[in-house]
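Q:
Protein chains: 2
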Amino acid sequence: MTDDQAARAWAYLAAVAEPPCAALIALVAELGPLGAAAAVRSRKVPAAHRGVLAPTQARAATDTAAEDLARCERIGARLLTRDDPDWPGWQLLALDQADSAARGGAPLALWVRGPASCGDAVGRSMALVGSRASSSYGDHVAGAMAAALADEGWSVVSGGAYGIDGAAHRGALGAGGTTVAVLACGIDRTYPSGHAQLLHRIAETGLVVSEYPPGTSAAKHRFLTRNRLVAAFSSAVIVVEAGRRSGAANTAAWAKRLGRPLGAVPGSVTSATSVGANAMIADGDAVLVADSGAAISLASPDGCDTREAAPRRRTDDLRPDQLRVVEALPARGGLTVDEIAFAAGLPIDDVLRALAALDLSGHVAGSDGTWRLGAR
Amino acid sequence: MTDDQAARAWAYLAAVAEPPCAALIALVAELGPLGAAAAVRSRKVPAAHRGVLAPTQARAATDTAAEDLARCERIGARLLTRDDPDWPGWQLLALDQADSAARGGAPLALWVRGPASCGDAVGRSMALVGSRASSSYGDHVAGAMAAALADEGWSVVSGGAYGIDGAAHRGALGAGGTTVAVLACGIDRTYPSGHAQLLHRIAETGLVVSEYPPGTSAAKHRFLTRNRLVAAFSSAVIVVEAGRRSGAANTAAWAKRLGRPLGAVPGSVTSATSVGANAMIADGDAVLVADSGAAISLASPDGCDTREAAPRRRTDDLRPDQLRVVEALPARGGLTVDEIAFAAGLPIDDVLRALAALDLSGHVAGSDGTWRLGAR
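Chains as they are written, first to last, in full-length UniProt numbering: chain B, 1 to 376; chain F, 1 to 376.
Okay, here's the thing in structure tokens:
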């Protein structure tokens, strides 16, 4: 088969049943994408896979694969399939094991838009979720926590919605971090419409993800199904602000079901927008999380932040001034020389001298007047 | 011995050692108050009780008993001793068992001021404690929670300090409830001085308590020793607001040591005055308590509020209107006819007719234009 044939088959399969559809995944595992697509289209499936017929019945004869792929290409999106090296299989393992009847199965494929590697972006990631009708307190905490997480090299996963989701995405973007928006509609849709610009910005540096084929409109059941991906894609889920009834409670329930640590940010007991978060803590469902450090501890319960396992930057051989300059630079984003001097508490001349040496050694990299940490 | 002799002996003993002094309590248990006072004064104690000599050495020759008793009588206070029927022995049992070396022993006697029975006041009681430098949020929550607890027939115990303590006492007073202030100075002192009026009001309806003889000034170690009584006197301890370092943490530690359930009111993670309370919840030391109902559940973990065990008012034989009037009346305090009509949603005439019948049956009692629940 050609790549193009395979892509068409995957795109057909990704649209032929409302996800998640465990029966379809099982069929693809047995017959491969082309075989599975042909079997579904012809309604002739192996006896052991007859469960795939009902969920594909309505759409089997409608093949929008070429159109979907073309639409994606136009907006810079791509179809990520289970056989792709970038497929976040490890994160989705919990979904493979979850009850498919409860709409908890894994996705067959993901439509993704943005430069970030999906596997990387969800490898060390924190979901920040909460009410659409958030308070300024919730927005502030979500934004600050997202920025602090981004500074520590964590990506921030959320649902792209108004309120807490938006504040979390913006906080991560503002800190130059990676953020992942998981949509409940087609990757080509901008929902909510007021977040068109935000989703565009996310797609420029991070990732917008959907398991729904292009053109799919947002619907209530898709928000609930989407929430399981937000939980699955994260090392921990933090509910920043939630009223008595909030979609965040659904994401929180998915976190528990998938074995993801659940945290909640407390708020005033007089605030209606914190009733849900406070209740999760009071009921012992969520751990109280007051800052990004607590969120990271929650996501790394053995105290072994995954970052620790990564190779450390070799800074042992640096001179004291050089070390202070390196330590003044954030994990993401860059600083001007003035900002570095301020953060490091060093005279400008010393900073410039240190930067010159660090640039040569690969510890820092400069462009457009700002300096960031280098590859080394 | 005469009552007067016994009172003088108790007053002497209550002042001769800095409380708590387990050795002195043991001596009194063996020799009685007169024998113990004579033995301490003469420095001739049974061999098994030689441990009492050191803590009583400095004050043994100074007998201010008559003066202390007279001073108390002038301000309407009394000395409550371990042989008094009103002695809250059950609540103090945990202290008898606590480590005396950690200043955790039971008091030998208590100086009390106010009309409330000490045994009753601490029998169904909640400690609300927190920062002296509280925020308006903390003051509001403390006051509202205290009022709601008072409405449910709980007394509110606190330390009489500025901030949360004061707000809790005021809330209980405003709801016509019983509140208990435990002082870290003599019962005749008003500390803090700005709370002279508040302590006076508490003593009019509730109880001001101290284990320190009249004239004793407040000192740091006495606040810490006092805190154990606040915890012991309560079915549960609720930290309403506490910064990173707060005396409330000490009361909370006593609650844990004495086996009292510990609750904390969450607050904004951006608020310095909630850092301590949030940390207690995050660390699993305290349960998140959002309202008086949660506090009561915490204090009655088996769901069996002690009030349930008390004989219930017989309202089964009341007519519907009468029942609504009875249910409109708070557990403490009274309402005017207009207020009852509003609360019960009944016309004034119907309220008046119901009240007349209820007055006869003893379900309600009226005075000065307000009606309250009767003895029945």
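Beta carbons: idealized from backbone N, C-alpha and C, even for Gly.
With B:ILE281 as the anchor, note down where its alpha helix (DSSP H) starts and where it stops.
A: That run of the alpha helix (DSSP H) goes 275-282.
Q: For F:ILE281, go through chain B and note every residue whose CB falls closer than 8 Å to its CB, in chain order.
A: Ordered by position in chain B, the residues that pass the 8 Å Cβ test against F:ILE281 are PRO266, ILE281, LEU288.
Q: Between F:THR270 and chain B, is there a C-beta pair that is closer than 9 Å?
A: At least one chain B Cβ lies under 9 Å of F:THR270.
Q: If we define contact as Cβ-Cβ less than 9 Å, is B:TYR191 a contact residue for chain F?
A: False, the Cβ-Cβ gap to chain F never drops below 9 Å.
Q: By the DSSP assignment, the beta strand (DSSP E) with B:GLY366 in it spans what residues?
A: 364-367 is the extent of the beta strand (DSSP E) around B:GLY366.
Q: Under the assumption that F:ALA109 contacts F:ALA232 (Cβ atoms under 8 Å), give the Cβ distance between them as a whole number of angstroms.
A: Their Cβ separation, rounded to whole angstroms, is 15 Å, which puts F:ALA109 and F:ALA232 out of contact at 8 Å.
Q: How would you write the range of the alpha helix (DSSP H) that F:ILE164 sits in, first residue to last?
A: Its alpha helix (DSSP H) spans residues 164-174.
Q: Go to F:ALA15, then tell me how far its alpha helix (DSSP H) extends in each direction, as first and last residue.
A: Looking at the DSSP string, the run of the alpha helix (DSSP H) that includes F:ALA15 is 3-16.
Q: Taking B:ALA255 as part of the beta strand (DSSP E), name the residues at either end of that continuous run.
A: Per DSSP, B:ALA255 belongs to no beta strand (DSSP E); it is in the alpha helix (DSSP H), 247-257.
Q: Using a Cβ-Cβ cut-off of 9 Å, state whether B:TYR137 counts as contacting chain F.
A: At least one chain F Cβ lies under 9 Å of B:TYR137.
Q: Just confirm the distance between the C-beta atoms of F:ALA181 and F:ALA150, as a whole number of angstroms; I'd bet it's less than 8 Å.
A: Not a contact, Cβ separation roughly 14 Å.
Q: DSSP state of F:TRP111, grouped into three classes?
A: If DSSP states are grouped into helix, strand and coil, F:TRP111 belongs with the strands.
Q: Counting only beta-carbon separations shorter than 9 Å, does B:ALA248 have a partner in chain F?
A: Cβ-Cβ to chain F under 9 Å: no for B:ALA248.
Q: Determine, for B:VAL326, whether the minimum Cβ-Cβ distance to residues of chain F falls below 9 Å.
A: Cβ-Cβ to chain F under 9 Å: no for B:VAL326.
Q: How big is the Cα-Cα spacing for B:ILE340 and B:ARG319?
A: When rounded, the distance between both Cα atoms is 16 Å.
Q: With DSSP run on the structure shown, which of helix, strand or coil describes B:SER100?
A: Only weak support exists for where B:SER100 lies, its pLDDT of 49 falling under 50; the value from the coordinates is given anyway. B:SER100 falls in the helix class under three-state DSSP.
Q: For the alpha helix (DSSP H) holding B:GLY243, just list the boundary residues, first then last.
A: From DSSP, B:GLY243 is part of no alpha helix (DSSP H); its letter is neither H nor E.
Q: Under 8 Å between beta-carbons, which chain B residues line up against F:ALA294? List them in chain order, please.
A: ALA282, listed in chain order.
Q: At which residues does the alpha helix (DSSP H) containing B:VAL52 begin and terminate?
A: Taken as a continuous stretch (DSSP letters only), B:VAL52 belongs to no alpha helix (DSSP H), as it is neither H nor E.
Q: Please say whether F:VAL240 and residue 392 of chain F have beta carbons closer to each other than 9 Å?
A: Summary: the structure shown does not reach residue 392 of chain F, with chain F confined to residues 1 through 376, and so no result is reported for it.
Q: Tell me where the beta strand (DSSP E) around B:LEU373 begins and ends.
A: Taken as a continuous stretch (DSSP letters only), the beta strand (DSSP E) holding B:LEU373 covers 370-373.
Q: Can you name, in chain order, every residue of its own chain whose Cβ lies under 8 Å from the Cβ of B:ILE202, other than the five neighbours on each side?
A: Within the same chain, B:ILE202 has close Cβ partners GLY114, GLY160, HIS169, LEU173, THR179, VAL180, ALA181, VAL208.
Q: Check each residue of the segment 139-155 of chain B: if its Cβ is closer than 8 Å to any Cβ of chain F, include it; give the result in chain order.
A: Of all residues in the segment 139-155 of chain B, HIS140, VAL141 have a Cβ within less than 8 Å of some Cβ in chain F.
Q: Could you check whether the Cβ of B:VAL129 sits closer than 9 Å to any Cβ belonging to chain F?
A: No - not a single Cβ of chain F is within 9 Å of the one on B:VAL129.
Q: Among the residues of its own chain, which have a CB less than 6 Å from the CB of F:LEU27, if the five just before and after it don't count?
A: The answer, listed in chain order, is ALA36, HIS49, VAL52.
Q: Could you tell me which uninterrupted beta strand (DSSP E) segments, each at least 3 residues in length, are contained entirely in the segment 126-170 of chain B, listed from first to last along the chain?
A: Fully enclosed beta strand (DSSP E) runs of 3 or longer: 155-158.
Q: Which residues mark the beginning and the end of the alpha helix (DSSP H) in which B:PRO105 is found?
A: Reading the sequence as shown, one finds Gly at residue 105 of chain B and not Pro. Unbroken run through B:GLY105: none, as it is neither H nor E.
Q: Determine whether the Cβ of B:ASN278 lies closer than 9 Å to any Cβ atom of chain F.
A: Yes - at least one Cβ of chain F is within 9 Å of the one on B:ASN278.
Q: I need the straight-line Cα distance from F:GLN97 to F:LEU24, nearest angstrom please.
A: The alpha-carbon atoms of F:GLN97 and F:LEU24 are separated by roughly 15 Å.
Q: For B:LEU346, name the three-state secondary structure that DSSP assigns.
A: Coil at B:LEU346, not helix or strand.
Q: In chain B, which residues lie with their C-beta within 7 Å of the C-beta of F:ASP285?
A: Correct list: empty, because the minimum Cβ distance to chain B is about 11 Å.
Q: When the Cβ atoms of the segment 234-252 of chain F are set against those of the segment 74-82 of chain F, are three or more pairs found closer than 8 Å?
A: Short answer: they don't touch.
Q: Since B:ALA236 sits in a beta bridge, which residues does DSSP pair it with?
A: Looking at the DSSP assignment, B:ALA236 forms a beta bridge with B:MET126.
Q: If you draw a straight line from the C-alpha of F:ALA351 to the C-alpha of F:ALA365, how long is it?
A: Looking at the sequence shown, residue 351 of chain F is not Ala but Val. Their Cα atoms are separated by approximately 14 Å.
Q: If you count every other CB in all the chains shown that lies within 10 Å of the CB of F:ARG43, and 16 or more means buried, which is it?
A: The residue is exposed, with fewer than 16 neighbouring Cβ atoms inside 10 Å.
Q: To the nearest angstrom, report how far apart B:GLY374 and B:HIS363 are at their CA atoms.
A: Answer to the nearest angstrom: the Cα atoms are 5 Å apart.
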